[in-house]
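Take a look at the structure set out below.
In this note's numbering, the protein residues as written are 1206 to 1503.
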């Protein structure tokens, strides 16, 4: 690790610790301010956000796209600052920030996959459910994660996410290890709405665009016998915190066709995004990989 990386890690960790214990009413406007600033500084991700919005909402005018992009950046900035409390705060702080509403009985040890789309509150839902599981003596949850390029913060993220009894499982883990985890009664969090490349993926529609989409949800459900439920963590009505909602199991899922299952999940996620477009993670290159012969959209 270079000296510059060491300094960066120290400063970033110090800021996270500071924000974790500031009053919540203070960190929210700080997050909005940072998001506003990010929206007005030319950068690659600003281009990605507007490209994604134009692709998914072609009927919107340039002014409407700009307004939606700005609102997204403000919420994104808020979510980044709020992660200080999610990762480093107490269980009581997390529960005060995220309310849980579930259409299924939690803690019954039934094998389940919780499909957790990339909304700004994603981390909060996972942690709030982990806190609840620990307090009530349930089996914990396990979340799949993509390894970070920064080894220091990769290890810190694992420690922070696991501190209430949850588990962090690298996406590249062996399939049988995941199945074993599911069948023990741990609920598994999966965020399938990210472009991970052609391996174990198919091109199916998302907002009418052929999108590289993983098929692992269908295969894991088929092999483990797990129910598949949608889990979304979005801002509550007064925007003072979040509500994590867990749906009833999807009916007739999985089918015998993983491609159809992947398309169905995309449809479900698209419907949720249309309800709250500013809260979705448009900073991701969701359409990064293209079908053979098709030019990049970015």
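For glycine and all other residues, C-beta sits at the position ideal for the given N, C-alpha and C.
Got a sec? Which residues, its chain only, sit under 8 Å from residue i by beta carbon, not counting five neighbours each side?
i, result
"residue 1359", "1352 and 1353"
"residue 1271", "1255"
"residue 1382", "1374"
"residue 1473", "1320, 1435 and 1455"
For residue i, which three-state DSSP category applies?
i, result
"residue 1351", "coil"
"residue 1492", "coil"
"residue 1317", "strand"
"residue 1374", "strand"
"residue 1224", "helix"
"residue 1369", "coil"
"residue 1486", "coil"
"residue 1535", "Nothing about residue 1535 can be read from this structure; the chain reaches only from 1206 to 1503."
"residue 1273", "helix"
"residue 1442", "coil"
Can you find the residues in the same chain that come closer than 7 Å, C-beta to C-beta, to residue i, ignoring five residues on each side of it along the sequence?
i, result
"residue 1333", "1299, 1300, 1303, 1305 and 1449"
"residue 1365", "1292 and 1293"
"residue 1261", "1412"
"residue 1496", "1408 and 1415"
"residue 1328", "1288 and 1291"
"residue 1225", "1289, 1290, 1293 and 1294"
With DSSP as the reference, please indicate the residues paired to residue i in a beta bridge.
i, result
"residue 1415", "1410"
"residue 1450", "1306 and 1437"
"residue 1458", "Answer is none; residue 1458 lacks a bridge partner."
"residue 1432", "1317"
"residue 1229", "For residue 1229, which the question treats as bridged, DSSP gives no partner whatsoever."
"residue 1393", "1318 and 1347"
Going by Cα to Cα distance, which pick from the options is closest to residue i?
i, options, result
"residue 1412", "1287, 1341, 1476 and 1503", "1476"
"residue 1422", "1213, 1434, 1235 and 1325", "1434"
"residue 1259", "1499, 1500 and 1492", "1492"
"residue 1322", "1243, 1479 and 1457", "1479"
"residue 1456", "1431, 1446, 1445 and 1217", "1431"
"residue 1487", "1209, 1273 and 1210", "1273"
"residue 1316", "1356, 1281 and 1386", "1386"
"residue 1342", "1356, 1314 and 1362", "1314"
"residue 1483", "1247, 1275, 1498 and 1248", "1275"
"residue 1337", "1392, 1249, 1363 and 1209", "1392"
"residue 1277", "1264, 1208 and 1250", "1250"
Pop quiz: residue i and residue j are said to be a contact at Cβ under 8 Å. What is the actual Cβ separation, rounded to whole angstroms?
i, j, result
"residue 1418", "residue 1429", "Not a contact, Cβ separation roughly 20 Å."
"residue 1371", "residue 1335", "4 Å"
"residue 1296", "residue 1369", "6 Å"
"residue 1494", "residue 1390", "Residue 1494 to residue 1390, Cβ: 35 Å. No contact."
"residue 1485", "residue 1331", "About 17 Å; that fails the 8 Å criterion."
"residue 1439", "residue 1481", "5 Å"
"residue 1308", "residue 1468", "Their Cβ separation, rounded to whole angstroms, is 23 Å, which puts residue 1308 and residue 1468 out of contact at 8 Å."
"residue 1490", "residue 1253", "6 Å"
Excluding the five sequence neighbours on either side, which residues of its own chain have a C-beta within less than 6 Å of the C-beta of residue i, listed in chain order?
i, result
"residue 1459", "1423, 1426, 1427 and 1466"
"residue 1279", "1237, 1240 and 1241"
"residue 1223", "none"
"residue 1284", "1325"
"residue 1339", "1369 and 1370"
"residue 1446", "1302"
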